[in-house]
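Numbering (full-length UniProt numbering), first residue to last: 1 to 170.
The following block contains the structure:
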């Protein structure tokens, strides 16, 4: 898989992309194993915890990770298949507000993550260099298919760090 270049993505995604060390597909595979274990270890009493007024709960963050992966993988698929229709942004706060995430069992969140990640890994492995380098407009920003894959991996790492630092450290 070719290396990502700064012209492949807008600056808004830089923090997520920098959270990926090494081969992005290896990172996705490693997360497939480690993230469900991480979720499993979250104490029951922390599932609905929010560290401040107006901040998401642990369950909402976990489901936000899943929702974002689903949106980013859809965008990657569209551009990989040479559909260059500009794609609208998605409002993450609305996704959380209307997702009923706090009603879910952690086991169902884990199951959904595993199925989604396995499906995305299988899809991404089918992309060739030409498909990975295709770019399109999403949220009014030019981005490549490969960059979306990095965003998916880095976004999970970003939120896992936040969970560890602000939600699970006490």
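Glycine included, C-beta positions come from ideal geometry on N, C-alpha and C.
DSSP-derived helix/strand/coil call for residue i
i           : result
residue 42  : coil
residue 135 : strand
residue 77  : helix
residue 168 : coil
residue 3   : coil
Under 8 Å between C-beta atoms of residue i and residue j
i           : j           : result
residue 9   : residue 143 : yes
residue 17  : residue 154 : yes
residue 4   : residue 167 : no
residue 162 : residue 110 : no
residue 35  : residue 113 : yes
Residue i to residue j span [Cα, whole Å]
i           : j           : result
residue 102 : residue 123 : 30 Å
residue 125 : residue 77  : 12 Å
residue 105 : residue 87  : 32 Å
residue 52  : residue 160 : 17 Å
Closest residue to residue i among the options (Cα-Cα distance)
i          : options             : result
residue 28 : 39, 140, 52 and 116 : 116
residue 63 : 55, 83 and 96       : 96
Cβ neighbours of residue i in the same chain (closer than 7 Å, five flanking residues each side left out)
i           : result
residue 127 : 80 and 145
residue 75  : 87, 138 and 148
Residues of its chain near residue i, where Cβ-Cβ distance is below 6 Å and the 5 sequence neighbours each way are ignored
i          : result
residue 24 : 149, 150 and 153
Other residues of its chain near residue i: CB distance less than 8 Å, five sequence neighbours each side excluded
i          : result
residue 57 : 47, 48, 49, 50, 101 and 102
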